[in-house]
Amino acid sequence: MTLNDWRKKNKLSYHSLGLMLGYKGINPATNCQRICLTVKNDKRFPKPHIVEKIREITKREVDYKDLYDAYFKATKKV
Numbered sequence: 547m548t549l550n551d552w553r554k555k556n557k558l559s560y561h562s563l564g565l566m567l568g569y570k571g572i573n574p575a576t577n578c579q580r581i582c583l584t585v586k587n588d589k590r591f592p593k594p595h596i597v598e599k600i601r602e603i604t605k606r607e608v609d610y611k612d613l614y615d616a617y618f619k620a621t622k623k624v
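Counting from 547, one number per residue, gives the positions in the sequence shown under this note's numbering.
Okay, here's the thing in structure tokens:
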């Protein structure tokens, strides 16, 4: 399951998920959208401490392989 699928399943906004992951600042949703791979030209793989937080809050419904596979697919050149 992708992080974005998990977010939708749990009816969370990007802002809410960003806060759960510990993102602070003007808009936590921006960083969350980047790691959910929904920003067209700015996809980012999360840092290790964020990966661990994702695994924790999703109760491992989203795990390492899910994150890597989604990132690989989103950034693969056609």
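Quick reminder that beta carbons are idealized off the backbone N, C-alpha and C, glycines included. Predicted model only: the values in this text are computed from it and were never measured.
Does the beta-carbon of residue i have 16 or more other beta-carbons within 10 angstroms, so that it is buried, or is it exposed?
| i | result |
| --- | --- |
| I600 | buried |
| G564 | buried |
| I630 | The chain is shown only over 547 to 624; residue 630 falls outside these bounds and no answer can be derived. |
| T604 | buried |
| Y560 | buried |
Using beta-carbon positions only, say whether residue i and residue j come within less than 8 Å of one another.
| i | j | result |
| --- | --- | --- |
| H552 | E607 | One detail in the question is off: residue 552 reads as Trp in this sequence, not His. Cβ atoms of W552 and E607: closer than 8 Å. |
| V530 | Y617 | The requested residue 530 is not part of the displayed model; the chain covers only 547 to 624. |
Since residue i is in the alpha helix (DSSP H), which residue starts that stretch and which ends it?
| i | result |
| --- | --- |
| V608 | V608 -> no alpha helix (DSSP H), and no H or E assigned at all. |
| N550 | 549-555 |
| I603 | 594-603 |
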